[in-house]
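Protein chains in written order, with the numbering used here: chain B, 267 to 400; chain W, 267 to 400. Where is the CB? At the ideal position from N, CA and C, for every residue including glycine. Written below as structure tokens is the structure these notes are about.
There are 2 protein chains.
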Amino acid sequence: MNGRFSIAIHIMTLLCADDNLQSSDYLAGSININPVLVRKELSNLLKHGLINSQLGKNGGYSLAKPAKEITIASIYKAVKPNAILGQAKNEPNPACPIGKQINSHLKALDADIEQVMVNKLGNTTLAEFYKRFD
Amino acid sequence: MNGRFSIAIHIMTLLCADDNLQSSDYLAGSININPVLVRKELSNLLKHGLINSQLGKNGGYSLAKPAKEITIASIYKAVKPNAILGQAKNEPNPACPIGKQINSHLKALDADIEQVMVNKLGNTTLAEFYKRFD
DNA sequence: TGTACTGTAATAATTTTTATTACACATAAA
DNA sequence: TTTATGTGTAATAAAAATTATTACAGTACA
Chain B
267 MNGRFSIAIH
277 IMTLLCADDN
287 LQSSDYLAGS
297 ININPVLVRK
307 ELSNLLKHGL
317 INSQLGKNGG
327 YSLAKPAKEI
337 TIASIYKAVK
347 PNAILGQAKN
357 EPNPACPIGK
367 QINSHLKALD
377 ADIEQVMVNK
387 LGNTTLAEFY
397 KRFD
Chain W
267 MNGRFSIAIH
277 IMTLLCADDN
287 LQSSDYLAGS
297 ININPVLVRK
307 ELSNLLKHGL
317 INSQLGKNGG
327 YSLAKPAKEI
337 TIASIYKAVK
347 PNAILGQAKN
357 EPNPACPIGK
367 QINSHLKALD
377 ADIEQVMVNK
387 LGNTTLAEFY
397 KRFD
């Protein structure tokens, strides 16, 4: 996994902390990454219905619903990678009985893992996560 | 996560499939990656006590113990990344109340996730995983 | 009608991953 | 005892992925 979950939850926490519209530049300043990257992730969160945006002057971003109705799992799902356990770039040797089948078995393992992860992350809401800050 | 878990479990499955010593070149041929990368991962698995190696002519690698005593979790632990959920490359803004604390809360989330993952992967042995191949 | 935003494309820089080359060292077998 | 075949590891190069930057069209408030 790359830094996307970290960026997404940082964004969501900042929006949770203040109901006013926040600009991508402000968010980028807290996360300390390029504003364009933030806008890309905001665009993704928007697509997943987690946030709202407002165009034009004094525009910005806000949560699409109350923080207690947003689970960490839903944020994770918005940015989740193809494979939690990672995947080979090269195709294994199809002439090898193990190589031929390993990917499908790995994929099954991955699905199991994703399920327990999402279960766990589904137990916490953004509101609860935010309460941990002091 | 990169391709390391995929490589490690592929290696372990191949060693499980045949008790004879296997060379890094043979393993690399099934995985379809460079033999040096395989030897690096073998070196790591060796360090974690999961395999044995034999130097010299006709040398190679074999499992360090019966496959039913090796869990998938122990293989995962040998290659696990710093953060399952990923981590930012840049330090968040220390002047921001959220930015200042986000990393420690993320780290806690990560620890929770790792625990449920390891629990889940601990339920399956290499022997059971290997049985799924036909 | 200017100003301050979002939204997105194109491109460059950086970092990470993977591949390759090279070679010291070990041991079985001819 | 010499040769062949393997491990172990360092150094370097190539490729791929991630992050940063520049640029600008479009929107809406004042």
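Neighbourhood of V384 of chain B in chain W, by CB distance below 7 angstroms: empty, with the nearest CB roughly 10 angstroms away. In this structure, N356 of chain B keeps its C-beta atom at 8 angstroms or more from the C-beta atom of I350 of chain W. Out of B:P358, B:I364, B:E307, the CA that lies nearest to the CA of K343 of chain B is found in B:E307. Cβ neighbours of N359 of chain B within its own chain (closer than 8 angstroms, five residues either side excluded): G365, K366. Bounds of the alpha helix (DSSP H) holding I273 of chain W are 270 to 283. Among the residues of chain B, none has a CB under 8 angstroms from the CB of K334 of chain W; the nearest is roughly 17 angstroms distant. Residue pairing of G326 of chain W in beta bridges, as defined by DSSP: W:Q320. The contact set of G365 of chain W on chain B, defined by CB atoms closer than 9 angstroms, consists of H276, L280, G295, S296, I297, N298 in chain order. Rounded to the nearest whole angstrom, the CA to CA distance from T391 of chain B to I336 of chain B is 5 angstroms. Taken through DSSP and simplified to helix, strand or coil, Q367 of chain W comes out as helix. In the three-state reduction of the DSSP assignment, Q353 of chain W falls in the coil class, being assigned neither a helical nor a strand state.
Between K346 of chain W and L312 of chain B, the alpha-carbon positions lie close to 32 angstroms from each other. Going by DSSP, R305 of chain W is part of the alpha helix (DSSP H) stretching over 301 to 313. Contact annotation: S309 of chain B and N318 of chain B have beta-carbon atoms that are not nearer than 8 angstroms. Of the other Cβ atoms in all chains shown, 16 or more fall within 10 Å of the Cβ of V304 of chain W; this residue is therefore buried. Taking a beta-carbon distance threshold of 8 angstroms, E357 of chain W counts as an interface residue toward chain B.
Residues of the region 341 to 354 of chain W whose Cβ lies closer than 9 angstroms to any Cβ of chain B, in chain order: Y342, V345, P347, A349, I350, L351, G352, Q353, A354. Under DSSP, the beta-bridge partners assigned to Q288 of chain W are W:Y327.
Residues of chain B whose Cβ lies closer than 7 angstroms to the Cβ of D378 of chain W are, in chain order, K386.
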